[in-house]
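Residue numbers (UniProt numbering): 1 to 556.
Even glycine gets a Cβ: it sits at the ideal position worked out from N, Cα and C.
Treat the numbers as computed from the prediction; the structure is a model and nothing was measured.
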Ligand code: G16
């Protein structure tokens, strides 16, 4: 970086002073805070995005969103060249940039990092960053700050993709870097055509119970806007979108996080909807859960969470693979034994993990955060990952997809109309419908709907795959949540000392009791999760561990 470039950066950084007395941290999913204190952070993440683009010689994404959080919050995160989350190796750099006290300090950090990472400003492709934002009112000015940050690196280009869902932006980054068509129109096209393909491959005679209308709660966020667009061109699914943002407040009494945590109907739903198949997205449409409204229950719902979506996807894929493997057993040429695995976190309901294992699936556990699950899922030929909160997707290895392409061609000429060809085509369609960059509520919804139609299942039948163990989640405000340090995929607390032993004593009192605490990476709280054989027991366990957390860590 020459002197002229350095002075441009110093001038522009001076326009974005950081707020006093705030410490920022690149958490579970980027920086998140009250929107009014985020300008300098977003500006600095713009710089980081441009540097990341130069380093990787690829297009990088920058998304302005606080996803499931309150409307007055906002946040910023980076999508790496494959559309995945920012490499964890760069997170400490993001932290130090965000917390640099003044422009000189900022410049010094950048120069050191550029040297350490050997980032070459001359010779290669210039930086290019795709920008997106959700519908939060603060998004527009924060996006401007991000552009200024990007442009403070001489020659860097910022491309504004407008108001998009978080998964759309990740998808666009991935597609651009693969040299594929990457506009929003292309995203819709791919989703609609692969959904159609799955419907066309439904076995004759599958019942049509799911042709009935379904309802989507769009959390008053960007997902509703996009569903309205899709609705105009999609056939084979009758759906109504509620909470589209025209009246209510983003994520306020609506959306996937609310529905999954509170287990009650979101605003806009009532007993008139009893028995209907309903789905909830979160504020930036990267999470999806399903539910039905229970009769005579004052707003209670039957939740069909991320674990059940995972189970549905894994079962469907396993079924297609075994059809293909039957052909392998008949000693056809070119066989391939695909390694299928599923990835969950400690929040996964114990009953789901038992069910998946009994179904013969390999289950791996990681800490909370898509970045961890995604990384593990990429170890398989087909890796299905989901958090109970509805964030997840399916990853296909390039080896497996290349084999599948060849197999489809072979079967297309030797075994037209065969079950094997149909199974191979279904897997290919899934790999196109699902967003392989990141969990995507829209593509997830259409895949759930296609599979339910394929199976001829109602939401009730799907929900009966297994019975969830009763669970409860609570939040505890403490003085310093970073004092909680966990191990073993967040199932154990190693600090403060003594608390894990105390949790164990409480948990042992309840049949099928399981409980853990962990610091949230998106909110200033410690989260408590408890499950047990009865709801009252899960509630009691959660509240006694919440009290314990309060005693050990001090309340706010
Ligand atoms: C983000 C992450 C998810 C995580 C969630 C809650 O979701 O992408 O992986 O489960 O935060 O994280 P925590 O419990 O650490 O606050 P979203 O939908 O807010 O982007």
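Would the beta-carbon of residue 349 fall within 8 Å of that of residue 388?
Taking the first residue of the chain shown as 1, we reach residue 349 at position 349. Taking the first residue of the chain shown as 1, we reach residue 388 at position 388. Yes, these two residues count as a Cβ contact at 8 Å.
Report all residues from its chain with a CB closer than 7 Å to the CB of residue 98; omit the five preceding and five following residues, and keep chain order.
Within the chain shown, residue 98 is the residue found at index 98, counting from 1. 24, 31, 41, 44.
Cα-Cα, which of 484, 524, 286, 317 is closest to residue 437?
In the chain shown, the residue the question calls residue 437 occupies position 437. Here the closest residue by C-alpha is 286.
Indicate whether residue 170 and residue 79 have their beta-carbon atoms separated by less than 8 Å.
If you number the chain shown from 1, residue 170 lands on position 170. If you number the chain shown from 1, residue 79 lands on position 79. Cβ atoms of residue 170 and residue 79: closer than 8 Å.
Comparing the CB of residue 287 with every heavy atom of ligand 1, is any distance shorter than 7 Å?
Your numbering for residue 287 matches position 287 in the chain shown. Yes, since a heavy atom of ligand 1 falls inside the 7 Å radius drawn around the Cβ of residue 287.
Name the DSSP bridge partner or partners of residue 530?
Stepping through the chain shown from its first residue, residue 530 is reached at position 530. In the DSSP output, where bridge partners are listed per residue, residue 530 has 472, 515.
Using a Cβ-based criterion (distance less than 7 Å to any ligand heavy atom), does residue 389 qualify as near ligand 1?
Position 389 of the chain shown, counted from the start, is the residue given in the question as residue 389. Yes, the beta carbon of residue 389 sits closer than 7 Å to at least one heavy atom of ligand 1.
Hey, could you find the ends of the beta strand (DSSP E) residue 558 is sitting in?
For residue 558 there is no data in the structure shown, the boundaries of the chain being 1 and 556.
Taking contact to mean 3 or more Cβ pairs, one atom from each stretch, closer than 8 Å, check whether the stretch 461 to 471 and the stretch 405 to 421 are in contact.
Flag = no, the stretch 461 to 471 and the stretch 405 to 421 do not touch.
Going by beta-carbon coordinates alone, are residue 74 and residue 29 separated by less than 8 Å?
What you label residue 74 is simply residue 74 of the chain shown in a count that begins at 1. What you label residue 29 is simply residue 29 of the chain shown in a count that begins at 1. No, the Cβ-Cβ distance between residue 74 and residue 29 is not below 8 Å.
Residue 242 and residue 275 look like a contact to me (Cβ under 8 Å); what is the Cβ gap, rounded to whole Å?
As a working mapping, residue 242 is identified with position 242 in the chain shown. As a working mapping, residue 275 is identified with position 275 in the chain shown. The Cβ separation is near 16 Å, so there is no contact.
Which residues does DSSP list as the beta-bridge partners of residue 160?
Walking along the chain shown from the start, residue 160 turns up at place 160. The partner list for residue 160 (beta bridge, DSSP) reads 131.
Please name the residue, chosen from 238, 246, 281, that lies closest to residue 254 on a Cα-to-Cα basis.
Taking the first residue of the chain shown as position 1, residue 254 is located at position 254. The residue with the shortest Cα to Cα distance from residue 254 is 281.
Helix, strand or coil for residue 344, going by three-state DSSP, please let me know.
Numbered from its first residue, the chain shown carries residue 344 at position 344. DSSP places residue 344 in strand when its eight states are reduced to three.
Between which two residues does the beta strand (DSSP E) harbouring residue 495 extend?
Against the chain shown, residue 495 aligns to sequence position 495. 492 to 495 is the span of the beta strand (DSSP E), which, as asked, contains residue 495.
On the three-state DSSP scale, how would you describe residue 242?
For the purposes of this step, residue 242 is identified with residue 242 of the chain shown, where counting begins at 1. Three-state DSSP puts residue 242 in a strand.
Say the cut is 7 Å; is the CB of residue 335 nearer than that to a heavy atom of ligand 3?
This structure lacks ligand 3; its bound ligands are ligand 1.
How about residue 101 and residue 9: are their beta carbons less than 8 Å apart?
One-based indexing of the chain shown puts residue 101 at position 101. One-based indexing of the chain shown puts residue 9 at position 9. Not in contact: residue 101 and residue 9 (Cβ atoms no closer than 8 Å).
Tell me which residues share the same chain as residue 305 and place their Cβ nearer than 7 Å to its Cβ, disregarding the 5 neighbours each side in the sequence.
The count along the chain shown starts at 1 and reaches residue 305 at position 305. Counting only Cβ-Cβ distances below 7 Å, and skipping sequence neighbours, we find 260, 289, 388, 390.
Classify residue 272 as buried or exposed, calling it buried when 16 or more other Cβ atoms lie within 10 Å of its own Cβ.
Numbered from its first residue, the chain shown carries residue 272 at position 272. The residue in question, residue 272, is exposed, as its Cβ has fewer than 16 Cβ neighbours within 10 Å.
Closest by CA to residue 38, which one among 50, 55, 20?
Within the chain shown, residue 38 is the residue found at index 38, counting from 1. Selected option, being the one with the closest Cα: 20.
By how many angstroms is the C-alpha of residue 77 removed from the C-alpha of residue 593?
Residue numbering for the chain in the displayed model covers 1 to 556; residue 593 lies beyond these limits and cannot be assessed.
Can you check whether the CB of residue 129 is closer than 8 Å to the CB of residue 62?
Numbered from 1 along the chain shown, position 62 holds the residue referred to as residue 62. Numbered from 1 along the chain shown, position 129 holds the residue referred to as residue 129. Contact flag set, yes.
Measuring from the CB of residue 170, is there a heavy atom of ligand 1 at a distance below 7 Å?
Numbered from its first residue, the chain shown carries residue 170 at position 170. False, no ligand heavy atom lies under 7 Å from that Cβ.
Please confirm whether residue 520 and residue 514 have their CB atoms less than 8 Å apart.
Working through the chain shown from its first residue, we reach residue 520 at position 520. Working through the chain shown from its first residue, we reach residue 514 at position 514. No, the pair does not count as a contact, with Cβ atoms beyond the cut-off.
Leaving out five residues before and five after residue 549 in sequence, what residues of the same chain have Cβ atoms less than 6 Å from its Cβ?
Looking up residue 549 in the chain shown gives position 549. These residues qualify, in order along the chain: 476, 517, 526.
Taking residue 214 as part of the beta strand (DSSP E), name the residues at either end of that continuous run.
Numbered from its first residue, the chain shown carries residue 214 at position 214. Segment 214 to 217, the beta strand (DSSP E) holding residue 214.
Between residue 124 and residue 54, which are expected to be in contact by the criterion C-beta below 8 Å, what is the C-beta distance as a whole number of angstroms?
Numbered from 1 along the chain shown, position 124 holds the residue referred to as residue 124. Numbered from 1 along the chain shown, position 54 holds the residue referred to as residue 54. Contact flag correct, Cβ pair sits at about 7 Å.
Among residues of its own chain, excluding the 5 on either side of residue 159, which ones have a beta-carbon nearer than 6 Å to its beta-carbon?
Working through the chain shown from its first residue, we reach residue 159 at position 159. Closer than 6 Å at the Cβ level, and outside the excluded window around residue 159, lie 130.
Rank 89, 203, 36, 67 by C-alpha distance to the C-alpha of residue 452 and give the top, closest one.
What you label residue 452 is simply residue 452 of the chain shown in a count that begins at 1. If we check each option's Cα against that of residue 452, 203 comes out closest.
Once you ignore the five residues that flank residue 106 on each side, which residues in its own chain have a CB closer than 6 Å to its CB?
The residue you call residue 106 lines up with position 106 of the chain shown. Cβ neighbours of residue 106 beyond the five flanking positions: 13, 100.
Below 8 Å on the Cβ atoms is my contact criterion, and I expect residue 195 with residue 446 to pass it. Report the Cβ-Cβ distance as a whole number of Å.
Looking up residue 195 in the chain shown gives position 195. Looking up residue 446 in the chain shown gives position 446. So it is a contact: roughly 5 Å between Cβ atoms.
Taking the straight line between their C-alpha atoms, what separation do you get for residue 319 and residue 312?
Translated into the one-based positions of the chain shown, residue 319 becomes position 319. Translated into the one-based positions of the chain shown, residue 312 becomes position 312. Their backbone Cα atoms lie some 11 Å apart in a straight line.
Looking at the structure shown, is residue 59 part of a helix, part of a strand, or coil, going by DSSP?
Counting from 1 along the chain shown, the entry for residue 59 is found at position 59. In this structure, residue 59 counts as coil in the three-state DSSP scheme.
Using three-state DSSP, classify residue 77 as helix, strand or coil.
Residue numbering aside, residue 77 sits at position 77 when the chain shown is read from its first letter. Residue 77: strand per DSSP, three-state reduction.
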